[in-house]
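Letter by letter, the sequence shown follows residues 7 to 183 in this note's numbering. Everything below concerns the one structure shown next.
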Amino acid sequence: MNVNNIIQGLERKGLIKRARNRQKQRKKVYILASIEEKRSMIENDDGEVDESIIEYYSDRCTQFIKSTGIASTAEVCAYLRENSTGYQDIGEADAQRFLDLLVFDGRIEAIHDYRAQGMLKNLAMAYKPAHVHVPSQNGVTEVPCSACPVESQCAEGNVINPGSCEYLSKWLVDLEW
Numbered sequence: 007m008n009v010n011n012i013i014q015g016l017e018r019k020g021l022i023k024r025a026r027n028r029q030k031q032r033k034k035v036y037i038l039a040s041i042e043e044k045r046s047m048i049e050n051d052d053g054e055v056d057e058s059i060i061e062y063y064s065d066r067c068t069q070f071i072k073s074t075g076i077a078s079t080a081e082v083c084a085y086l087r088e089n090s091t092g093y094q095d096i097g098e099a100d101a102q103r104f105l106d107l108l109v110f111d112g113r114i115e116a117i118h119d120y121r122a123q124g125m126l127k128n129l130a131m132a133y134k135p136a137h138v139h140v141p142s143q144n145g146v147t148e149v150p151c152s153a154c155p156v157e158s159q160c161a162e163g164n165v166i167n168p169g170s171c172e173y174l175s176k177w178l179v180d181l182e183w
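Right, here's the structure in full:
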């Protein structure tokens, strides 16, 4: 008797069922038949990532952190459970994923949680609103040199130089000093 025969026998008896492996699509995974498979909260009914869900929960996290000034993962998770429409079974791991995304996007900052007590005092993290806003347009991104295809050849004394660049000249004229 091999493993495949045993698995097929357990399936026929209704003791196990095949589950979907999200990380490795080709790998076969089985769970007890009585267990209901949990769908990821950011997937739509087709099993694809739904950007609107990510945006919704990210905005909710940001609003809560701005209103409180500082919040732990557990506090954000509790807020999302109580105040979000739709998916109510959000866990701390789900909330942490949204918080990590917001940190990477520069919308919030991770800081040491000075409110923590006991053994986790030195490890506890909290989140606060980001105070540094990077504008989409700034002096570095607006200067024509940042998008110039021949910028590497541009230097004083070369054929291509800042003194004879029509794009740089126009940009300097258009600047409001």
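Where is the CB? At the ideal position from N, CA and C, for every residue including glycine.
- Residue 24 sits in a strand when the DSSP states are folded into three classes.
- Secondary structure of residue 39 (DSSP, three-state): coil.
- In this structure, the straight-line span from the alpha carbon of residue 135 to that of residue 97 is close to 22 Å.
- Distance from the CA of residue 166 to the CA of residue 181, rounded to the nearest whole angstrom, comes to 22 Å.
- The beta carbon of residue 149 is closer than 7 Å to those of 177 in its chain, skipping five residues each way along the sequence.
- With a 10 Å radius around the Cβ and a threshold of 16 neighbouring Cβ atoms, residue 78 comes out buried.
- Counting only runs of at least 3 residues, the region 55-133 fully encloses the following beta strand (DSSP E) elements, listed from N- to C-terminal order: 114-118.
- Pairing residue 120 with residue 13, the inter-Cα distance amounts to about 52 Å.
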